[in-house]
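Below: one structure, written as structure tokens.
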Amino acid sequence: YGNANLWRYCCRLFDLMPIGALIDNEVLCIHGGLSPDIGTIDQMRTIERDQEIPHRGGFC
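According to this note's numbering, the sequence shown holds residues 17 to 76 in order.
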């Protein structure tokens with residue numbers, strides 16, 4: 017494509033995607049699993065999603 021713009025747009029898109037989804041308050045769907053630092057769904061809800069994935073903590 018001549019430059020890295022498409023890659024940057026894709027990275028930004030993934031930075032904004034939800035961590036997971038709770039279906040009918042019964043099924044939690046998450047790609048890749050949860051960090052051992054996250055113990056409850058409420059803890060997941062408090063994560064500021066609009067950021068690059070860090071290397072440490074509950075959001076890595």
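Where a beta carbon is used, it is the ideal one built from N, C-alpha and C, also for glycine. Just so it is clear, the structure is predicted and the values come from calculations on it, not from any experiment.
Member of the options whose CA lies at the smallest distance from the CA of residue i
i     : options                       : result
ILE66 : ASN19, LEU22, ILE35 and TRP23 : Checking the sequence shown, residue 66 turns out to be Asp, not Ile. Ranking the options by Cα distance to ASP66, first place goes to ILE35.
ARG61 : CYS27, TYR17, GLY18 and LEU38 : LEU38
Three-way DSSP call (helix, strand, coil) for residue i in this model
i     : result
ILE46 : strand
ILE57 : helix
Residues of its chain near residue i, where Cβ-Cβ distance is below 7 angstroms and the 5 sequence neighbours each way are ignored
i     : result
LEU50 : none
GLU68 : ASP31
Beta-carbon proximity list for residue i, same chain, < 8 angstroms, skipping 5 on both sides
i     : result
LEU32 : ARG65 and ASP66
inquiry  = For the structure I just gave you, are there three or more beta carbon pairs, one from the region 49-63 and one from the region 20-30, closer than 8 angstroms?
reply    = no
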